[in-house]
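Written out below as structure tokens is the structure these notes cover.
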Amino acid sequence: MSPFRNSEISRRNMLKMTGATASTAALGGSLMGLAAPAFAQGENSLTVAIPFDPPSLDPLAIEQSVPAQVTWNIYEPLLWRDPNGKIIPWLAESIEQTSPTTAVLKLRDGVKFQNGEAFNAEAAAFSINRILDPETKSQWIGTVNTIKGAKAVGELALEVTTHEPDPVLQGRLTVIAMMAPKWTAEVGNQVGVQTNGTGPYQLEEWKRNLSIEFKRNPNYWGPAPQVESLTFRIIPEDATRFQSLNTNEIDLYLGVLPDQLNQAPKFQAGLSQNYSFLRLSNMETSAIADPRIRQAMNYAIDKEGLRNALHGGLGNNLNGQLSVPEMVGYNPNLEPYPFDLQRAQDLVREAGALDLEVTIEGPKGRYTGDSVEMQAIAAMLEQSGLHINLVLRDPNNWVRIGDRNQTPTPPEAWYVRHTNTTFDADRTLSSYYSLRGSYSSYGNNELDKVLDASRKEMDPAKRLALLNRCFEIGSRQDPMGVYLFQHTELWGMRKNVDFTPYADGVLHVSQIKLNG
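Right under this line is the structure:
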């Protein structure tokens, strides 16, 4: 019996009460002639709480959602997304596919970096080539490595080439921040602690483990945002963040607990593209390389009881894959692993794994309620006959353990919540289902062949079938992970904050209005 069976919390109608659910939209389509959205006007200040200090502010090296809350207010990509997830022009005004493997982008004129350096095609090419450079050790590499390179073909004309025809090129360009070539060379290894973007805010002071302070960029190419002074305060504890909101010490933060909603001054809720799972290793060094053990771990988790007890019944259970119906490539034929403790115990015995020690590495304070959830998961897995060694680390050390650029031999299990910012299964599959991804500890030759075929298949129906097959292989046949939940994001805010979350999870402070 699940330890949560008698403590379920019924909040299934919570989203209906909020009236503020973020939505998603399909990718693709022409960008020709579209205009970027307008910004708010005026002056004021805003304080946002985040759970930990970013390890770096280098947007081309770091791929993590908390640092991204900070860096996407400084740096900008060529293409971006509107609140519903639709790709729109940004630093590039248009894109034209001139051959199956070549695209030419026309860049916005008159844009400068915060130090006065001109943004042009040379800068754009430098940024794309830098994220691909092995020396950068970019955590984005699995997402962007279909791109072969970029070069300037005019002052404001950029040519991007791919290794094969790439159906997701526009989505990949939404995650590559533009950086200034001369400045990057000058600051050298300080590129992670100094900043110089084209965005609406610029760094004033970084007080390690306390706060990151910004001011509005006076030379921003777009209309000036209303928020003039921006501070990110580092507050690790869930309870302290909530208390700080109610005492007006902060204005906004992501991660209100379901039971706190009635006490929050104001909140926004949206079913997010954020999925929690245990990343499982099938590498030769892994104690759980036998797929029967990884199957058993999926059967041992009572997801329904866990979601009701710890997440107020919000969100959805994942259907045996790290994807949801809103994503291109979702496999509708897969079903969630049922909670079947007897089946889990039988598989553990069949694999000769009774009392096998399995280490789970997880963060403490990276996600709302993360340590409590992992302790509950560990208790459930113990009932299957495995011996679980749960190790909780501060967020930056936890990332180091999970990034194969820093830790080549990964742990058997690593707890993570993945956000799919491209709205396409390719990002998830290339990051976690293939050993070529910097965050992967899983390899399957058949899956890699199917994934490679999908990355150059331009026929939507054929490509969908290939992506579906990848998720099928990584579900029951050779599980990549223990598939848990699609989460509902709960933003708490003061009553004067007018803020609607974006579908891709990016925090655009420039879009926030302050009333009174």
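Take the position in the sequence shown, starting the count at 1, then add 2; the result is the number in the numbering used here. A virtual CB, placed ideally from N, CA and C, is assigned to each residue, including glycine.
| If you compare alpha carbons, which of Ala70, Gln204, Leu232, Thr197 is closest to isoleucine 514? | Closest in alpha carbon position to isoleucine 514, among Ala70, Gln204, Leu232, Thr197, is Leu232.
| task | State the DSSP-derived secondary structure class of isoleucine 237, mapped to helix, strand or coil. | result | coil
| field | N- and C-terminal bounds of the alpha helix (DSSP H) containing methionine 382 | value | 372 to 384
| task | Please report the residue range of the alpha helix (DSSP H) in which serine 129 lies. | result | 123 to 134
| Three-way DSSP call (helix, strand, coil) for asparagine 447 in this model | helix
| task | Assuming aspartate 450 contacts serine 436 (C-beta within less than 8 angstroms), just tell me the rounded distance between them. | result | 6 angstroms
| field | Contact under 9 angstroms by Cβ, isoleucine 76 with isoleucine 133 | value | Cβ atoms of isoleucine 76 and isoleucine 133: not closer than 9 angstroms.
| For aspartate 168, which residues from the same chain have a beta carbon less than 6 angstroms from its beta carbon, with the 5 sequence-adjacent residues on both sides left out? | Thr148
| field | Cutoff 8 angstroms; reference glutamine 377; Cβ partners in own chain excluding five residues on either side | value | Leu392
| field | The beta strand (DSSP E) enclosing lysine 268, as first and last residue numbers | value | 268 to 282
| Is it buried or exposed for histidine 165, if we count other Cβ within 10 angstroms and need 16 for buried? | Taking a 10 Å sphere around the C-beta of histidine 165, we find fewer than 16 other C-beta atoms and assign the residue as exposed.
| task | Decide if asparagine 520 is buried, meaning its Cβ has at least 16 other Cβ atoms within 10 Å, or exposed. | result | Because residue 520 is not part of the residues shown, which for the chain are 3 to 518, the question remains open.
| message | So, for leucine 509: in the same chain, excluding its five sequence neighbours on each side, which residues have a beta-carbon less than 6 angstroms away from its beta-carbon? | response | Gln71
| message | Can you confirm whether the stretch 281 to 300 touches the stretch 339 to 358 when touching is taken to mean that 3 or more C-beta pairs between the two stretches lie within less than 8 angstroms? | response | yes
| Quick one: what's got a C-beta closer than 6 angstroms to asparagine 335's C-beta in the same chain, skipping five residues either side? | none
| query | Among Ala455, Asp135, Pro56, Phe425, which residue has its Cα nearest to the Cα of phenylalanine 234? | reply | Pro56
| message | Cutting at 8 angstroms between CB atoms, please list the residues of its own chain near isoleucine 403, excluding the five before and the five after it. | response | Glu363, Arg395, Thr409, Pro412, Pro413, Trp416
| message | Considering only their Cβ atoms, is the gap separating tyrosine 444 from glycine 476 smaller than 9 angstroms? | response | yes
| task | Return the first residue and the last residue of the alpha helix (DSSP H) that tyrosine 203 is part of. | result | That residue, tyrosine 203, is in no alpha helix (DSSP H); its beta strand (DSSP E) goes 203 to 209.
| said: According to DSSP, is leucine 81 part of a helix, a strand, or is it coil? | reply: strand
| task | Output the distance between the C-alpha atoms of phenylalanine 279 and glutamate 459, rounded to the nearest integer angstrom. | result | If I take the Cα positions, the gap works out to 28 angstroms.
| said: Could you tell me the alpha carbon to alpha carbon distance between leucine 93 and alanine 302, rounded to whole angstroms? | reply: 48 angstroms
| task | Answer yes or no: does any C-beta atom of chain B fall closer than 9 angstroms to that of alanine 298? | result | Here chain B cannot be found, since the structure has a single protein chain.
| said: So for glutamate 119, helix, strand or coil by DSSP? | reply: Reduced to three states, the DSSP call for glutamate 119 is coil.
| What first and last residue would you give for the beta strand (DSSP E) that runs through asparagine 46? | For asparagine 46, no beta strand (DSSP E) segment is defined, and its DSSP state is neither H nor E.
| query | DSSP state of alanine 63, grouped into three classes? | reply | coil
| task | For the alpha helix (DSSP H) holding proline 293, just list the boundary residues, first then last. | result | 293 to 301
| request: On a CA-only basis, which of Pro260, Glu206, Arg243 is nearest aspartate 253? Give me that one, please. | output: Arg243
| field | Simplified DSSP state of alanine 154, which is helix, strand or coil | value | strand
| query | Going by beta carbon distance, what residues of the same chain come within less than 6 angstroms of glutamate 375, once the five residues before and after it are set aside? | reply | Within the same chain, Cβ atoms closer than 6 angstroms to the Cβ of glutamate 375 are found at Leu312, the five residues on either side in sequence being excluded.
| said: Taking the beta carbon of alanine 51 as the centre, do at least 16 other beta carbons fall within 10 Å, making it buried, or is it exposed? | reply: buried
| task | Could you spell out where the beta strand (DSSP E) holding glutamate 215 opens and where it closes? | result | 213 to 218
| field | Proximity to arginine 281 [Cα-Cα], best of Thr138, Lys268, Gly331, Gln323 | value | Gln323
| field | Alpha-carbon spacing of glutamine 262 relative to lysine 268, whole angstroms | value | Approximately 11 angstroms, taken between the alpha carbons.
| request: Tell me, please, which residues DSSP counts as bridged to arginine 471. | output: For arginine 471, which the question treats as bridged, DSSP gives no partner whatsoever.
| said: Closest to aspartate 480 by C-alpha separation, out of Asn446, Arg368, Arg345, Val229, would be which residue? | reply: Asn446
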